[in-house]
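Asks: A single structure is presented below for examination.
Protein chains in written order, with the working numbering: chain Y, 80 to 158; chain U, 5 to 239.
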């Protein structure tokens, strides 16, 4: 059962990451990048690394995506 | 400068290459599972018992690799400095949009809880998962919530500078005290008995250093977020 969950999350993370690359709009890419972070949190937690999972949840899925979004706002203002 | 991108053939070949890499890694992982091999984790866990800290990851990050952590927070400081320098030529923006009642009240209600959770993660970093980096970023995300909901809110610059200077100087001072008393930079000069493992006051200097790291990371991330929001065009 746990192996099935790992397999589903693993394949899902890879698919979300691939679709984040091919999005034509950068804002959609950033939202999908947050999804990659969310799936990684589940994987890290299952693989008994709660420290890394907490770091990824806070930094990877949370604040780095918000910093990307704000940088995108500055980019759009500059162009 | 256009934001839209196209999908060239190099991206497709990149997909194929990454697929080959993933298959190779999976094959290696499935065939070569370590059984009799001496693993680094075992010797680290044996050494961890000397310091009396329940969370072995914290011992590695703050004690065995304490000098690297000092370098990491220096890297974060340089990143915050770079963002501040890049955005310093922009004028301060005036936010005209007024946040609605729900966001206003919800942010006021949630900020103390977020800040308390961040301080908890910082303080209990040597007992449970978490630590200075995570707790500092949680506090900074609470500051971000206040920044996007209250248009007049701003953390005073002098306050952040004071906190950050205090944290950086005391990290180096604790390292120097260890150097003079035990001949090791960042030596554990406070009592750290194995029998105290699991209570809040255990592990000698390790929880103190993690709290200092949390203060430094929290103030730097708050400064980055505040610079990115408050400098730029009007919204």
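From the three backbone atoms N, C-alpha and C, an ideal C-beta is built for every residue, glycine too.
Quick one: list the residues of chain Y neighbouring residue 233 of chain U, beta-carbon separation under 8 Å, in chain order.
Replies: By Cβ distance, chain Y contributes 149.
Asks: Just how far apart, CA to CA, sit residue 188 of chain U and residue 223 of chain U?
Replies: C-alpha separation (whole angstroms): 29 Å.
Asks: Is the beta carbon of residue 48 of chain U closer than 8 Å to that of residue 66 of chain U?
Replies: Their beta carbons are not under 8 Å apart, which means residue 66 of chain U does not touch residue 48 of chain U by this criterion.
Asks: Below 8 Å CB to CB, which residues in the same chain sit around residue 182 of chain U once its five sequence neighbours on both sides are set aside?
Replies: These residues qualify, in order along the chain: 188, 189, 190, 191, 192, 193, 209.
Asks: Any Cβ of chain U within less than 8 Å of the Cβ of residue 100 of chain Y?
Replies: With 8 Å as the cut-off, residue 100 of chain Y counts as an interface residue toward chain U.
Asks: Does any residue of chain Y have a CB that is nearer than 8 Å to the CB of residue 84 of chain U?
Replies: Chain Y, which has no Cβ nearer than 8 Å to the Cβ of residue 84 of chain U, makes this no.
Asks: Would you say the region 149–160 of chain U touches the region 197–207 of chain U, given that touching needs at least three Cβ pairs under 8 Å?
Replies: The region 149–160 of chain U vs the region 197–207 of chain U: no contact.
Asks: Kindly indicate if chain Y contains any beta-carbon less than 8 Å away from that of residue 145 of chain U.
Replies: Yes, its Cβ sits closer than 8 Å to a Cβ of chain Y.
Asks: Give me the Cα-Cα distance between residue 169 of chain U and residue 102 of chain Y, rounded to the nearest whole angstrom.
Replies: The straight-line gap from Cα to Cα measures roughly 42 Å.
Asks: Between U:76, U:131, U:78, U:77, which lies nearest to residue 130 of chain Y when the distance is taken from Cα to Cα?
Replies: Of U:76, U:131, U:78, U:77, the residue nearest in Cα terms is U:131.
Asks: Closest Cβ-Cβ distance between residue 130 of chain Y and chain U: below 8 Å?
Replies: With 8 Å as the cut-off, residue 130 of chain Y counts as an interface residue toward chain U.
Asks: Count the other CB atoms, across all protein chains shown, that sit within 10 Å of the CB of residue 231 of chain U; report buried if there are 16 or more and exposed otherwise.
Replies: It counts as buried.
Asks: Given residue 60 of chain U, which residues of its chain have a CB within under 7 Å of its CB, disregarding the five upstream and five downstream residues?
Replies: Excluding sequence neighbours, residue 60 of chain U sits near 48, 49, 52.
Asks: Note down, one range per segment and in chain order, each alpha helix (DSSP H) of at least 4 residues found wholly within the region 32–104 of chain U.
Replies: Correct list: 44–52, 70–91.
Asks: For the putative contact between residue 92 of chain Y and residue 115 of chain Y, defined by C-beta atoms under 8 Å, what is the C-beta separation to the nearest angstrom?
Replies: Between residue 115 of chain Y and residue 92 of chain Y the Cβ distance is about 6 Å, and since that is below 8 Å, they are a contact.
Asks: Going by CA-CA distance only, name the one from U:147, U:16, U:217 that's closest to residue 145 of chain Y.
Replies: Answer by Cα proximity: U:147.
Asks: Considering only residues of the region 127–176 of chain U, which uninterrupted alpha helix (DSSP H) runs meet the minimum length of 4 residues and lie entirely inside it, listed in chain order?
Replies: Listed in chain order, they are 136–153.
Asks: Can you list the residues of chain C that residue 228 of chain U reaches, using a CB-CB cut of under 8 Å?
Replies: The chain inventory of the structure shown lacks chain C, comprising the protein chains Y and U.
Asks: Report the CB separation of residue 228 of chain U from residue 126 of chain U in whole angstroms; it is logged as a contact under 8 Å.
Replies: In fact, because the Cβ distance is near 18 Å, the residues do not count as touching under 8 Å.
Asks: Does the Cβ of residue 225 of chain U have 16 or more other Cβ atoms within 10 Å, making it buried, or fewer, making it exposed?
Replies: So residue 225 of chain U counts as buried.
Asks: Mind reading off the beta-carbon distance from residue 221 of chain U to residue 88 of chain U? Whole number of angstroms is fine, and I expect it under 8 Å.
Replies: 16 Å between Cβ atoms; not a contact.
Asks: When you check each C-beta in the region 103–117 of chain U against every C-beta of chain Y, which residues fall closer than 7 Å?
Replies: Correct list: empty, as no residue qualifies.
Asks: Does residue 137 of chain Y have its Cβ less than 8 Å from a Cβ in chain U?
Replies: It does: the Cβ of residue 137 of chain Y has a partner Cβ on chain U nearer than 8 Å.
Asks: Is the Cβ-Cβ distance between residue 111 of chain Y and residue 95 of chain Y less than 8 Å?
Replies: In contact: residue 111 of chain Y and residue 95 of chain Y (Cβ atoms closer than 8 Å).
Asks: Starting from residue 137 of chain U, find everything on chain Y with Cβ-Cβ shorter than 7 Å and list it in chain order.
Replies: Simply 134.
Asks: For a contact defined as C-beta to C-beta under 7 Å, what are the partners of residue 142 of chain Y on chain U?
Replies: Those within 7 Å of residue 142 of chain Y in chain U are 141, 144, 145, 225.
Asks: Under 7 Å from any heavy atom of the ligand MN, does the C-beta of residue 176 of chain U make it?
Replies: The ligand MN is absent from the structure shown, which contains no ligand whatsoever.
Asks: With a cut-off of 8 Å, does the C-beta of residue 5 of chain U fall near any C-beta of chain Y?
Replies: Note that residue 5 of chain U scores 46 on pLDDT, short of 50, meaning its location in the model is unreliable and no value can be drawn from it.
Asks: Which residues in chain U have a C-beta closer than 8 Å to the C-beta of residue 97 of chain Y? List them in chain order.
Replies: By Cβ distance, chain U contributes 19.
Asks: Put residue 5 of chain U into one of helix, strand or coil per three-state DSSP.
Replies: Unreliable placement is indicated for residue 5 of chain U, whose pLDDT of 46 sits below 50; no coordinate value is reported for it.
Asks: Check for me: the alpha helix (DSSP H) holding residue 227 of chain U runs from which residue to which?
Replies: First-last of the alpha helix (DSSP H) with residue 227 of chain U: 210–234.
Asks: Using a Cβ-Cβ cutoff of less than 8 Å, which residues in the same chain neighbour residue 5 of chain U once the five nearest sequence positions on both sides are dropped?
Replies: With a pLDDT of only 46 at residue 5 of chain U, under 50, the local geometry of the prediction cannot be trusted, and no value is derived from it.
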